[in-house]
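Just below is one structure, and these are the notes that go with it.
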Amino acid sequence: MLIMREDDNNWPEPDRVGRQELEIVMGNEHISFTTSKIGSLVDVQSSKDPEGLRIFYYLVQVNWLKI
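Spelled out as structure tokens, the structure:
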């Protein structure tokens, strides 16, 4: 899974607007990500890591729709 290779160091830090977190466990692997609240894909495109943050954004959106 591509997200397991991502690194949130270049993603926006959580701020007063909010935070989003994603934790993934696959077998013996565990990874968690934290970033500021993403309002739209414009926020993703203007980040230092738009490709990685786009993967995070879509995973969070899909998981939100399942809740």
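Under this note's numbering, the letters of the sequence shown match residues 239 to 305, in that order.
The C-beta atom is built at its ideal place from N, Cα and C for all residues, glycine as well.
No experiment lies behind these values; they were computed from the predicted model shown.
If you draw a straight line from the Cα of S285 to the Cα of N247, it comes to about 11 angstroms. The criterion of a C-beta distance shorter than 8 angstroms is satisfied by R257 and S274. Scanning its chain for C-beta atoms nearer than 7 angstroms, with the 5 sequence neighbours on each side dropped, one finds around V255 the residues S274, K275, in chain order. A distance of 8 angstroms or more separates the beta carbons of F294 and L240.
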